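Protein chains: 2
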Amino acid sequence: MALTANLIGDRQTFVTHLECSLTGERYEADRLHGLSQAGRPLLVRYDIEALGKALPRDVLEGRPTDLWSWRELLPVRHTGSIVSLGEIETPLVPIPASGGANVLVKDEGRLPTGSFKARGLVMAVAMAKELGVTRIAMPTNGNAGAALAAYATRAGIETVVLCPDDTPEINVREIAAQGARVHRVNGLIDECGAIVGKGAAEGLWFDFSTLKEPYRIEGKKTMGLELAAQLGWRLPKAIFYPTGGGTGLIGMWKAFDELEQLGWIGSERPKMFAVQASGCAPIVRAFEAGEEHAERWENAHTVAAGIRVPKAVGDFLILRAVRESGGRAIAVEEEALQRATAESALQDGVLLCPEGGATLAAWREAVAQGWVEAGEKAVLFNCATGLKYPLPDRSATLDKDNLPDLARL
Amino acid sequence: MALTANLIGDRQTFVTHLECSLTGERYEADRLHGLSQAGRPLLVRYDIEALGKALPRDVLEGRPTDLWSWRELLPVRHTGSIVSLGEIETPLVPIPASGGANVLVKDEGRLPTGSFKARGLVMAVAMAKELGVTRIAMPTNGNAGAALAAYATRAGIETVVLCPDDTPEINVREIAAQGARVHRVNGLIDECGAIVGKGAAEGLWFDFSTLKEPYRIEGKKTMGLELAAQLGWRLPKAIFYPTGGGTGLIGMWKAFDELEQLGWIGSERPKMFAVQASGCAPIVRAFEAGEEHAERWENAHTVAAGIRVPKAVGDFLILRAVRESGGRAIAVEEEALQRATAESALQDGVLLCPEGGATLAAWREAVAQGWVEAGEKAVLFNCATGLKYPLPDRSATLDKDNLPDLARL
Chain A
1 MALTANLIGD
11 RQTFVTHLEC
21 SLTGERYEAD
31 RLHGLSQAGR
41 PLLVRYDIEA
51 LGKALPRDVL
61 EGRPTDLWSW
71 RELLPVRHTG
81 SIVSLGEIET
91 PLVPIPASGG
101 ANVLVKDEGR
111 LPTGSFKARG
121 LVMAVAMAKE
131 LGVTRIAMPT
141 NGNAGAALAA
151 YATRAGIETV
161 VLCPDDTPEI
171 NVREIAAQGA
181 RVHRVNGLID
191 ECGAIVGKGA
201 AEGLWFDFST
211 LKEPYRIEGK
221 KTMGLELAAQ
231 LGWRLPKAIF
241 YPTGGGTGLI
251 GMWKAFDELE
261 QLGWIGSERP
271 KMFAVQASGC
281 APIVRAFEAG
291 EEHAERWENA
301 HTVAAGIRVP
311 KAVGDFLILR
321 AVRESGGRAI
331 AVEEEALQRA
341 TAESALQDGV
351 LLCPEGGATL
361 AAWREAVAQG
371 WVEAGEKAVL
381 FNCATGLKYP
391 LPDRSATLDK
401 DNLPDLARL
Chain B
1 MALTANLIGD
11 RQTFVTHLEC
21 SLTGERYEAD
31 RLHGLSQAGR
41 PLLVRYDIEA
51 LGKALPRDVL
61 EGRPTDLWSW
71 RELLPVRHTG
81 SIVSLGEIET
91 PLVPIPASGG
101 ANVLVKDEGR
111 LPTGSFKARG
121 LVMAVAMAKE
131 LGVTRIAMPT
141 NGNAGAALAA
151 YATRAGIETV
161 VLCPDDTPEI
171 NVREIAAQGA
181 RVHRVNGLID
191 ECGAIVGKGA
201 AEGLWFDFST
211 LKEPYRIEGK
221 KTMGLELAAQ
231 LGWRLPKAIF
241 YPTGGGTGLI
251 GMWKAFDELE
261 QLGWIGSERP
271 KMFAVQASGC
281 APIVRAFEAG
291 EEHAERWENA
301 HTVAAGIRVP
311 KAVGDFLILR
321 AVRESGGRAI
331 AVEEEALQRA
341 TAESALQDGV
351 LLCPEGGATL
361 AAWREAVAQG
371 WVEAGEKAVL
381 FNCATGLKYP
391 LPDRSATLDK
401 DNLPDLARL
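First to last, the sequence lines map onto chains A and B.
Taking the UniProt record's numbering, the leading residue of the first sequence gets 1, the next gets one more, and so forth.
Taking the UniProt record's numbering, the leading residue of the second sequence gets 1, the next gets one more, and so forth.
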C-alpha cells in the first residue's frame, strides 16, 4: 500500500505488554484494550534491551526518514496491518523574524490530512485493523476526525465521527469527504465523547477517543523520536506544545525515556511547555495550583479549536511530564496568539495554525518571564496547516479596463 | 535559515550559460534575464560532464532527500541566497481503489504553502535575491502567488500579486497574510499578466510570470529528479500532469535529459500526458490539430483554477515534450474531474485538489482508450493540497439532550 522501504516486509517487534499509566497494572499485548481498570490510559511497553541489540542506531539512520523507520519502537506486528498515506518526516523551519534565531517550527501540517493527528491515527487504525475492529467512533475538534476518516476508509473500517457544532467548516467537510459519517453536536468535545462512550457501552463501535485506546500515543511518540534524530540526537532546550488532550506531549516524554534506555540520548531533557488558551486552560490552572489532576474548564472558548479541550483523561501524565522537565503550563490570550500567527506569516512566510500561533505567543511569554533564554534552541509544534483556518481578506481590486498608476500598487 | 545539511555551506555549481528555448541563442549566466530576444523562455545549461565527475550518484543518495540535495543541478551559486521553508521530498501515495494497483499520486500539497509552486518559486526567489532584485510582480491563479509571497517575504523582497477576481478566496487571503500586496482583477490570468508586463516595462518591478524568468523551471525540474530517485532510477511508464503554464512538464522533461546525460537513467521515457479541463484546453486543441503553438482559449472556465490558463508562453515546449514522449494532451470534463476527486477521497482517503482529480480522470480516460495499460506504473501529480478547495457539506446534526438510537448513526 505504500512505497517506502520501511513498509516492504515485516520487521522484528518488541512489544512485551501494556500497563496502566496510574497503577502500573499489567495487560496483555495483542488484544483489544480501552482504558485500564482504573479508568486511565494504557502505555505500551517494549523489550528495549533486545531492541537495542537488534537495531543499531546507524541501521536506523540509513533508512528512509518517514514515520515507519521507527517500526521496532512501534506496536504494529504485521506490515499488512499498515495503511499508509505517506507519513513523511516533518521539517523544522526557523522563524528568525517573528521568533528568534534558534526558534524552530516543527511543521506538522505536512502530514497526511494536514495535521499531526495523522501520526496517532495511522498507528491506532493499523492496530485496530490488526486486532479485528470493524467499526470505530470518535469525538473530535476537527483534525483527529479527518485523520481517522482517511486511514479508516483506506483500511476498510467504518467510522462515525462526532464534533462540536462550531467545528471549523473545512474539517467537518473533509471528514465526510474521506468516508466517515459526521454528526455535529450541540456541545463541546467531552460531551461528544460521552455519546461515543455510550455507544461503545452498547457495543455499537470501538471508542477511539484521545488516550482511550493505547496506540495513538505510540504514533504521537514519533514526534519525539523524529526530533531527536533530526537534531543529531541532541534534544532542544525547550519544547512548546499546544495542549488539548496532550497525547503528543505524553508521547514525546515517553519517547525520550525509551531513547535514553537505548543509550541513543543522555538524561538531559527539554523543558516541556504545555500551551493552552486563556479561554480553556485546565492544565495551566492545575499546574499553578500544584494539583495532580485538572478539573473540567467550564465555558471553554478559543479560536484555537484544537486546544479547546475542557477535560483531558491524561491530565496527570501531562502535568507530571511538564513538572519533571522543569517546564510549565502556559495560557496565552486570544489576542496574543492571533498576533503571533499573523506575524509569523507576515515576517517569516510561515502560516501557522492558531494552535501553532499559541506556541509562538507562549515562547514570547516564556522569554519575557525568563523561563527560557531567547537564544536557546526551542521547538514549537505547528500541529496543523494554517490553510484550514479562516484568514482576513486584505486584497484590493483593480479594473483592467481602467488601470490606475501602477507605481501605486 | 534552514536546518537541512544540504544548506550548510556552498556546493560546487555548474551553470555555464542560458539559451533561448526556440532559437538556441546563448545568454550569459549570473545576470538578470526575462524572455529571450525571440520572446521565448530561457533554459539554464550546465556542464553536465564536470558535474557527473564531481557528484557520484551514491553521494547524492546519502544526502537528506529534500529539494536542495540537487544543488549541483540547480542554478543558485551561494547558500546565502536561499530562503528555505522546508522543501521536503513529496511522497508517492498509491490509490488502489479509485485508481489502480500501480497508480501513484505524487502529493505536492506537502510542500511549503501547500503546492508544487513552492518548487519553482523557492528557486526563482533565490536567484532574484542573488541577482539583486528588490521588487517582484506576478499574475497568479492562486498557488503561485502564495508561494511567491512566502519566499519573497522571507527574502526581504517586495511583491505585488495580481489574480483573477474569482480566484479561490483562501488563496487570495494567504497571499496577503504572507506579506504580498494582492489585487483582484476583472480578467483571467493572461490579462493579469499583461498588467504585470506593463509595470515591468515601466521599470516598476521584475516580471515573475510563468516562464518569463528562467529559474522557476529549474525548481520545477526537481519533480523529475526526485521521481527518478524515489523509484530507484527507473521512471514510470506514464506521467499525468495538470497543465496550465506547463512549467513542471517542461522541467521534468529537461530533468530526464540531464539525468540521462549523467548516465543515471537510460533513454526510456514515460509517456507524458498534459491534462487540461475541457473548458480550457488550448494545448489539447493544438495537440490534436498537429500545431506547434497553441492559440488563446476564449471564455476559459473550469473549477480547476490552476489549469485555467488560456495561453501558455511555453506552449511549443509542452507540445514537443508530449509528442516526443509518445504521450498525449487530454481534456477532461468537469463532471469527470469532480467525480475522480470525490472518489479518491472516499475510496482511498486521499483528498486531491481539482487539478489532481483531473489527472485521475485523464488516467481513467487513457486506460479506456488504450493509451496506457491499467497495470502499468503511472504517476499522477496532485499539485496542491485538496484543503484549499471547497468541499460539499455532508454532515448531519445530533442533539446531545435528545439522543436518537445511536445504532442509526
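For glycine and all other residues, C-beta sits at the position ideal for the given N, C-alpha and C.
Values in this document were obtained by computation on a predicted structure and should not be read as measured data.
Item	Value
Should the region 150-170 of chain B be called in touch with the region 227-236 of chain B, which here means at least 3 C-beta pairs below 8 Å?	no
Could you list which residues in chain A have their beta carbon closer than 9 Å to that of B:Thr397, in chain order?	Asp165, His183, Arg184, Val185 and Asn186
Using a Cβ-Cβ cut-off of 7 Å (strictly less than) and excluding sequence neighbours within five positions of A:Tyr389, which residues of its own chain qualify?	Pro168, Cys353 and Pro354
Counting contacts by CB-CB distance shorter than 8 Å, is B:Gln178 in contact with chain A?	yes
Do A:Glu130 and A:Val76 have their beta-carbon atoms positioned less than 8 Å apart in this structure?	yes
Is the beta carbon of B:Lys237 closer than 8 Å to that of B:Glu365?	no
Please classify A:Asn402: does DSSP put it in a helix, a strand, or coil?	coil
Can the beta-carbon of A:Ser36 be found closer than 8 Å to that of A:Glu25?	yes
Out of curiosity, what's the CA-to-CA distance linking B:Thr243 and B:Leu148?	19 Å
Rounded to whole angstroms, what's the CA-CA distance from A:His33 to A:Leu92? Just pull it up for me.	35 Å
For a contact meaning CB atoms closer than 7 Å, what does B:Tyr151 contact in chain A?	Gly349
State buried or exposed for A:Leu235, treating a residue as buried only when at least 16 other CB atoms are found within 10 Å of its CB.	buried
With H, G and I counted as helix, E and B as strand and the rest as coil, what does DSSP make of A:Pro41?	coil
Counting contacts by CB-CB distance shorter than 8 Å, is B:Val379 in contact with chain A?	no
Are there 16 or more other CB atoms within 10 angstroms of the CB of B:Arg110, so buried, or fewer, so exposed?	buried
Which runs of the alpha helix (DSSP H) fall wholly inside the region 155-214 of chain B and span at least 4 residues, in chain order?	169-177 and 189-201
Return the bridge partner residues of B:Asp107 from the DSSP annotation.	B:Asn382
I'd like to know if B:Glu343 contacts chain A, where contact means its C-beta is closer than 8 Å to some C-beta of that chain.	no
Please list, in chain order, the residues of the region 362-386 of chain B that have any C-beta partner in chain A closer than 9 Å.	Thr385 and Gly386
Within this structure, are the beta carbons of A:Arg119 and A:Glu72 separated by less than 8 Å?	no
Does DSSP put B:Ser21 in a helix, a strand or coil?	coil
Between the alpha carbons of A:Thr113 and A:Ile265, how many angstroms are there, rounded?	31 Å
At the level of alpha carbons, what is the spacing between B:Ala396 and A:Cys192?	14 Å
Quick one: give me the first and last residue of the beta strand (DSSP E) that A:Pro242 is part of.	Ala238 to Pro242
Please tell me whether residue 422 of chain B and B:Gln276 are closer than 8 Å, where the distance is taken between their beta carbons.	Because chain B in this structure spans residues 1 to 409, residue 422 of chain B falls outside the shown range and cannot be described.
Whole angstroms is fine: what's the gap from A:Val312's alpha carbon to B:Leu249's?	It should be noted that the sequence gives Ala, not Val, for residue 312 of chain A. Approximately 49 Å, taken between the alpha carbons.
How would you list, in chain order, the residues of chain A whose beta-carbon sits under 7 Å from the beta-carbon of B:Leu162?	Leu398
By the 7 Å beta-carbon criterion, what residues does the region 69-87 of chain B contribute toward chain A?	Leu85 and Gly86
Please identify, using Cβ separations under 7 Å, the residues of the region 192-220 of chain B that lie next to chain A, in order along the chain.	Ile195, Lys198, Gly199, Glu202 and Leu204
For A:Ala115, which three-state DSSP category applies?	Per the sequence shown, the amino acid found at residue 115 of chain A is Ser instead of Ala. Here A:Ser115 sits in strand by DSSP.
If I follow the unbroken beta strand (DSSP E) through B:Pro139, where does it start and stop?	Arg135 to Pro139
At least one CB of chain B closer than 8 Å to the CB of A:Leu346: is that the case?	yes
Tell whether a beta-carbon distance below 8 Å holds between A:Ala124 and A:Phe208.	yes
Taking 8 Å as the CB-CB limit, is A:Leu352 close to chain B?	no
Interface residues of chain B around A:Glu174 at Cβ under 9 Å?	Ala345, Leu351, Gly386, Leu387 and Leu391
Examine chain A for any beta-carbon lying closer than 8 Å to the beta-carbon of B:Val93, and answer yes or no.	yes
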